Amino acid sequence: MVLMVVNVTWQVVSRYILGDSSSWTEELTRFLLIWVGLLGAAYAAGQRLHLAIDLLPRRLEGKSARRLDQVIQSCMALFALLAMVIGGSRLVYLTLTLKQTSAALGLPLWYVYLVLPLSGLLIIYYSLANMLERPAS
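The letter at position 6 of the sequence shown is residue 495 when you use my numbering, and the numbering goes up by one with no holes.
Shown next, in the form of structure tokens:
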């Protein structure tokens, strides 16, 4: 996050004060934002901070509430497995095979896309941990 702030600050300084815009700063900021956003989503899943419609969970108690939570956590883990881990791994493999690089930095794009399967694995881990968590007494 600090690197993003420093990078954007440099972009503003180079554009408006020095009169010479750096082409790589925008690309680096975009890639860092992708990483921060997806790792933040995994953290939010672990802390149960995602947006949720809780009309039904608030009305349930005991085993029913626990079962509903397990279904929700299972759905999150399944989505993370299918879309993020499997789909993200395929994307990483494809960009690695095609040797795709970013325009300004020349950075291999698989570095950027690697965050998809990594954050997917973290979401699966947190979902399983949340399912195994004992309810508060």
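Beta carbons: idealized from backbone N, C-alpha and C, even for Gly. Since the model is a prediction, treat every value here as computed from it, not as a measurement.
Cross-strand partners of residue i (DSSP beta bridge)
{"i": "L597", "result": "Checking the displayed sequence, the identity of residue 597 turns out to be Pro instead of Leu. BP columns for P597 point to T590."}
Nonlocal neighbours in the same chain, by C-beta distance under 8 Å from residue i, ignoring five residues either side
{"i": "T590", "result": "L596, P597, L598"}
{"i": "L570", "result": "G609, I613"}
{"i": "N496", "result": "T514, L517, T518, L521"}
{"i": "S616", "result": "A534, Q562, S563, M565, A566, A569"}
{"i": "V525", "result": "M490, M493"}
{"i": "V501", "result": "none"}
Between the CA atoms of residue j and residue i - distance to the nearest angstrom
{"i": "I612", "j": "I523", "result": "16 Å"}
{"i": "L544", "j": "E550", "result": "13 Å"}
{"i": "G535", "j": "G529", "result": "10 Å"}
{"i": "L521", "j": "K552", "result": "42 Å"}
{"i": "S512", "j": "R579", "result": "29 Å"}
{"i": "E516", "j": "I506", "result": "20 Å"}
{"i": "M493", "j": "A566", "result": "30 Å"}
{"i": "I542", "j": "M573", "result": "23 Å"}
{"i": "R548", "j": "R555", "result": "12 Å"}
{"i": "Y546", "j": "L557", "result": "Here residue 546 is Pro; the residue named in the question, Tyr, does not match the sequence. Each residue's Cα considered, the two are about 7 Å apart."}
Closer than 6 Å: residue i CB and nearest the ligand GDP heavy atom
{"i": "S511", "result": "Questions concerning the ligand GDP fall outside what the structure shown contains, since it holds no ligand whatsoever."}
Proximity of residue i and residue j at Cβ, strictly below 7 Å
{"i": "S608", "j": "L538", "result": "no"}
{"i": "W499", "j": "T518", "result": "no"}
{"i": "G584", "j": "Y600", "result": "Residue identity check: residue 584 is Thr in the sequence provided, not Gly. Their beta carbons are not under 7 Å apart, which means T584 does not touch Y600 by this criterion."}
Sequence-distant residues of its chain with Cβ nearer than 6 Å to residue i (five each side left out)
{"i": "Q559", "result": "M620"}
{"i": "A533", "result": "H539"}
{"i": "E459", "result": "This structure gives no information on residue 459, because the portion of the chain shown stretches from 490 to 626."}
{"i": "V604", "result": "W524, L527"}
Residues of its chain near residue i, where Cβ-Cβ distance is below 7 Å and the 5 sequence neighbours each way are ignored
{"i": "P606", "result": "M573, V574, G577, S578, V581"}
{"i": "L594", "result": "W513, E516, L517"}
Which runs of the alpha helix (DSSP H), 4 residues or longer, sit entirely within the region 510-548? With a minimum length of 4 residues, the continuous alpha helix (DSSP H) runs that stay inside the region 510-548 are 512-536, 544-548.
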